[in-house]
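Here the structure is laid out as structure tokens; the discussion comes afterwards.
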Amino acid sequence: MHFSAASSGFVVVLLSVSVIQGQKGWEVTYPSTQICGIKGSTVEISCTYTHSSTINDKVITVNSRLWFTKGENNAPVDLTTDSDYTGRVRYHCENNKCTLTITDLRLSNSAVYKFRFITTPREGSYTGLPGVTLSITNLQMQVIRSETRQDSTWAEVKCHSSCLPDNPTFIWYKNGQKIWTETTSPSHAANVNTGDYSCAVKGHENFPSPSLLIQAQSDWGVTYPSAQFCGIKGSTVDIPCSYRYPPRMNNIITTANKRLWFVKGENDSPVDLKTESDYTGRVEYVFYDKVCTLRIKNLRLSDSAVYKFRYITNQPGGSYTGLPGVTLSVTDLQMQVIRSETRQDSTWAEVKCHSSCLPDNPTFIWYKNGQKIWTETTSPSHAGNVSTGDYSCAVKGHENFPSPSLYPPKVPSVSVSPSAEIVEGSSVTLTCSSDSNPAANYTWYKENEDSAKASGQIFTITDFRPEHSGNYYCEAQNTIGRQNSTLYLTVTKSVKAAAAGVSTAVMLLLIILFFVFLWIRRKRGNKQLSEADERPGDMEQGQLKEQENLQYASVQFFKEQTHAVHSTIRAAQPRRHKEEEEVVEYASVGFTNKSSAQR
């Protein structure tokens, strides 16, 4: 075995084997058939060769030597004439040893290299097969793992290649400047900031790895002093924050092109508060030295939401949203009666002005019917005699936004259902309502009874009896006062009596209608008979005219009668003898226009 490969860069011998070609006395020996090099470095590939001293009694002399990757054995392309290697290749051959040196290695130099020597006479030429395989690789920097630790980012990085020299020492760079300590391990762990990181092998500092951009989470961010803010309805609130980003990336100075606050939309499509109709004229942004403050004026209860700040830089992917954001709660002042009691002819009460959001060291102002009463206090509670009226409170400096008023119940409104006469045994529902703040409690009483009948706005008597008749009153009461209203109930009749009355009325109505009908019918019959006796000729002439259009008629005759008692048509000719002896109950008589009667 021969190990004569060397490199002024660095070479890794992956396989060492002697390769001998040809007949006895002729051979080319490569110390290794596999060599690697790092891009930009220098590599040397060497070999030894031997040949016979004579051939056909002629002395053999080596005239030329060359290395090649292109062409066949009989027409190889000398590397020194190959344009891809111009200025980067040289040979050093002596004492049957020849070394190929390639400088400034390129990834395209990965190939199989063969040595050939040419002798005199020509038949003595020889190529060493299969040659030496050269592999060119880059150094690569890789982030093995990273994590955010409080306000910094920790990362473990590795400098690796499939081709490294023995016992290498690694050098680490950030933005082209050395950082950390040189290491013999290809891995290194440390806190990192955003920047372009690379590594190199000592002795080959001019050939570092390609830069790797590490975006440290700690270099990008939004900080909110508090995650919870509150404000009183009608007041103004400032929500501050600060933001950060790396000053430079990819040799480009970083600037924030857009900054906004939003509550609607996702990170990639936020809706700028300044464009929302709900906030028109009420929102301001205050930006300076990477401080971002949102100011909302004339707060509304609907402004309660989670607010987030987002900025967009000129760097690719250089956008950031501060999550989870700030929760703003907008509340009303509320006035509350802590306790109250009646003292002789007055009512004493302790009231409190409270809110989940109050400024530091507030001063409270007290009102009755919109006018100031009592003395301003630094305590949210106050006790004193109270009389009927509307009470409220406010915080000094925000007098335009007092609490909703507290007031005793107004006179209750009472109603009964059904509203008509109450029938014995039916169900009766009483309802009571009153305007008050705080809301009133309702109690039902019956006159001359000590205990309450029911509580709540609705009182139902399911089976109303005469003994239920009487005065009922509803009392509405809250912590400030009370009011009541009275309603009188009485039963008018029982269900059976009502039903009997209805039946009797119906029967009387039917009888009256029957007699009216008979009277009208008789009156009409008498009138027709009277008219028939007075104008028989007219009757007959009228019949003749009506016969022209009459299709059907009902006629009734009685034997030996000279008048038709009930008929609509009177005969105009004397009856036949035979017809006089017959009684015709019903007959159908049909007439057509301008024709004689047919029987």
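Per mature numbering (1 follows the signal peptide of the UniProt record, and there is no 0), the sequence shown runs over residues -22 to -1, 1 to 577. Ideal placement from N, C-alpha and C gives every residue a C-beta, glycine not left out. Model, not experiment: these values are computed from the prediction.
Practice task
Could you tell me if residue 392 is buried or exposed, where buried requires 16 or more neighbouring beta carbons within 10 angstroms of its beta carbon?
Solution key: In the sequence shown, the residue the question calls residue 392 occupies position 414. Under the 10 Å beta carbon count, residue 392 is surrounded by 16 or more other beta carbons and is classified as buried.
Practice task
May I ask which residues mark the beginning and end of the beta strand (DSSP E) holding residue 306?
Solution key: Taking the sequence shown and counting its residues from 1, one reaches residue 306 at position 328. Element bounds for residue 306: 304 to 309.
Problem - Alpha-carbon to alpha-carbon, residue 488 and residue 554 - result: Taking the sequence shown and counting its residues from 1, one reaches residue 554 at position 576. Taking the sequence shown and counting its residues from 1, one reaches residue 488 at position 510. Because residue 554 sits at a pLDDT of 38, beneath the cut-off of 50, its placement in the model cannot be relied upon, and the following sentence gives the value as read from the coordinates. Their Cα atoms are separated by approximately 47 Å.
Handout entry: residue 632 burial status per 10 Å Cβ neighbour count (16 or more: buried)
Key = Summary: the structure shown does not reach residue 632, with the chain confined to residues -22 through 577, and so no result is reported for it.
Practice task
Check whether the Cβ atoms of residue 202 and residue 300 sit closer than 8 Å, and answer yes or no.
Solution key: Position 224 of the sequence shown, counting from 1, holds the residue named residue 202. Position 322 of the sequence shown, counting from 1, holds the residue named residue 300. Yes, the pair counts as a contact, with Cβ atoms nearer than the cut-off.
Problem - Per-residue burial, residue 31 [other beta carbons within 10 Å of its own, 16 or more giving buried] - result: Here the question's residue 31 lines up with position 53 in the sequence shown. Answer is exposed; the Cβ neighbour count stays below 16.
Handout entry: 8 Å Cβ cutoff met for residue 456 and residue 387
Key = For this step, residue 456 is matched to residue 478 along the sequence shown. For this step, residue 387 is matched to residue 409 along the sequence shown. Yes, the pair counts as a contact, with Cβ atoms nearer than the cut-off.
Handout entry: Closest by C-alpha distance to residue 125, when choosing among 134, 119, 326
Key = Here residue 125 corresponds to residue number 147 of the sequence shown, with the count starting at 1. Checking every option, the nearest Cα to that of residue 125 belongs to 134.
Handout entry: Sequence-distant residues of the same chain with beta carbon closer than 8 Å to residue 49, five excluded per side
Key = One-based indexing of the sequence shown puts residue 49 at position 71. These residues qualify, in order along the chain: 55.
Practice task
Kindly indicate the opening and closing residues of the beta strand (DSSP E) around residue 55.
Solution key: Working through the sequence shown from its first residue, we reach residue 55 at position 77. That residue, residue 55, is in no beta strand (DSSP E); it is neither H nor E in DSSP.
Practice task
Give the secondary structure of residue 288 by DSSP, where H, G and I count as helix, E and B as strand, and everything else as coil.
Solution key: Working through the sequence shown from its first residue, we reach residue 288 at position 310. In the structure shown, residue 288 adopts extended strand secondary structure according to DSSP, grouped into three states.
Handout entry: residue 529 classed as buried or exposed, judged by whether at least 16 other C-beta atoms fall within 10 angstroms
Key = The residue given as residue 529 occupies position 551 in the sequence shown. In this prediction, residue 529 has a pLDDT of 40, which is less than 50 and means its spatial position is unreliable; what the coordinates show is noted afterwards. The residue is exposed, with fewer than 16 neighbouring Cβ atoms inside 10 Å.
Practice task
Taking all protein chains shown into account, decide if residue 144 is buried (16 or more other Cβ within 10 angstroms of its Cβ) or exposed.
Solution key: By 1-based counting over the sequence shown, the position of residue 144 is 166. Looking at its Cβ environment, which holds fewer than 16 other Cβ atoms inside 10 Å, residue 144 is exposed.
Handout entry: Stretch pair the stretch 76 to 86 + the stretch 3 to 20: three plus CB contacts closer than 8 Å
Key = Contact between the stretch 76 to 86 and the stretch 3 to 20 is present, because at least three Cβ pairs lie under 8 Å.
Exercise for the section: With DSSP as the reference, please indicate the residues paired to residue 119 in a beta bridge. Expected result: Position 141 of the sequence shown, counted from the first residue, corresponds to residue 119. The partner list for residue 119 (beta bridge, DSSP) reads 137.
Problem - For residue 331 and residue 381, believed in contact at Cβ under 8 Å, the rounded distance - result: Sequence index remark: in the sequence shown, residue 381 carries index 403 (1-based). Sequence index remark: in the sequence shown, residue 331 carries index 353 (1-based). That belief holds up - the Cβ atoms of residue 381 and residue 331 are roughly 6 Å apart, short of 8 Å.
Practice task
Could you tell me whether the stretch 261 to 281 touches the stretch 211 to 220, using the rule of 3 or more Cβ pairs below 8 Å?
Solution key: Using a Cβ-Cβ distance cut-off of 8 Å, the stretch 261 to 281 and the stretch 211 to 220 are in contact, since at least three pairs of beta carbons, one from each stretch, lie closer than that value.
Exercise for the section: For residue 348, count neighbouring C-beta atoms within 10 Å of its own C-beta (all shown protein chains included) and say buried if the count is 16 or more, exposed if not. Expected result: For this step, residue 348 is matched to residue 370 along the sequence shown. Exposed, by the Cβ-count rule.
Problem - DSSP beta-bridge partners of residue 192 - result: Numbered from its first residue, the sequence shown carries residue 192 at position 214. Bridge partners of residue 192: 173.
Practice task
Can you check DSSP and say which residues form a bridge with residue 227?
Solution key: In the sequence shown, the residue the question calls residue 227 occupies position 249. Answer is 230, bridged to residue 227.
Handout entry: Cβ separation of residue 173 and residue 192, assumed to be a contact under 8 Å, to the nearest whole Å
Key = Working through the sequence shown from its first residue, we reach residue 173 at position 195. Working through the sequence shown from its first residue, we reach residue 192 at position 214. About 6 Å separates the beta carbons of residue 173 and residue 192, which is inside the 8 Å limit, making them a contact pair.
Handout entry: Residue interval of the beta strand (DSSP E) (run including residue 148)
Key = Looking up residue 148 in the sequence shown gives position 170. Unbroken beta strand (DSSP E) run through residue 148: 148 to 152.
Exercise for the section: Can you say whether residue 453 is buried or exposed, counting buried as having 16 or more other CB atoms within 10 angstroms of its CB? Expected result: In the sequence shown, counting from the first residue as 1, residue 453 sits at position 475. Buried, because 16 or more other Cβ atoms sit within 10 Å of the Cβ of residue 453.
Problem - Cβ shell of residue 232 (< 8 Å), same chain only, five flanking positions each side left out - result: Here residue 232 refers to the residue found at position 254 when the sequence shown is read from its first residue. Leaving aside the five residues that flank residue 232 on each side, the residues in its chain whose CB is nearer than 8 Å to its CB run, in chain order, 223, 224, 225, 226, 291, 292, 293, 296.
Problem - Nearest-angstrom beta carbon gap, residue 461 and residue 390 [assumed within contact, 8 Å] - result: Here residue 390 refers to the residue found at position 412 of the sequence shown. Here residue 461 refers to the residue found at position 483 of the sequence shown. Residue 390 to residue 461, Cβ: 6 Å. Contact.
Problem - Which of helix, strand or coil DSSP assigns to residue 221 - result: Taking the sequence shown and counting its residues from 1, one reaches residue 221 at position 243. Residue 221 falls in the strand class under three-state DSSP.
Practice task
Note down, in chain order, each residue of its chain lying with its Cβ closer than 6 Å to the Cβ of residue 316, except the 5 sequence neighbours on either side.
Solution key: Within the sequence shown, the letter at position 338 stands for residue 316. Residues 328, 330 of the same chain have their beta carbon placed closer than 6 Å to that of residue 316, with the five preceding and five following residues left out of the count.
Exercise for the section: Quick one: which unbroken beta strand (DSSP E) runs of 3-plus residues sit fully inside the stretch 15 to 45? Chain order, please. Expected result: Segments of the beta strand (DSSP E) lying fully in the stretch 15 to 45: 21 to 28.
Practice task
Under 8 Å Cβ to Cβ from residue 277, same chain only, skipping five residues before and after it: list those, please.
Solution key: Counting from one through the sequence shown, the residue named residue 277 turns up at place 299. Within the same chain, residue 277 has close Cβ partners 209, 210, 211, 212, 213, 214, 215, 308.
Handout entry: Straight-line Cα distance separating residue 249 from residue 255
Key = Residue mapping note: residue 255 aligns to position 277 of the sequence shown, counting from 1. Residue mapping note: residue 249 aligns to position 271 of the sequence shown, counting from 1. Straight across, the Cα-Cα distance linking residue 255 with residue 249 is about 11 Å.
Practice task
Alpha carbon to alpha carbon, how far is residue 26 from residue 8? Give it in angstroms, no decimals.
Solution key: If you number the sequence shown from 1, residue 8 lands on position 30. If you number the sequence shown from 1, residue 26 lands on position 48. Spanning the two alpha carbons is a distance of roughly 7 Å.
Problem - Given 8 Å, three or more beta-carbon pairs between the stretch 368 to 379 and the stretch 426 to 433 - result: Contact between the stretch 368 to 379 and the stretch 426 to 433 is absent, with fewer than three C-beta pairs closer than 8 Å.
Handout entry: For residue 495, the three-state DSSP class (helix, strand or coil)
Key = Within the sequence shown, the letter at position 517 stands for residue 495. Looking at residue 495 - three-state DSSP - the assignment turns out to be helix.
Exercise for the section: In angstroms with no decimal places, state the Cα-to-Cα distance between residue 485 and residue 494. Expected result: In the sequence shown, residue 485 corresponds to position 507, counting from 1. In the sequence shown, residue 494 corresponds to position 516, counting from 1. Using only the alpha carbons, I get a separation of about 14 Å.
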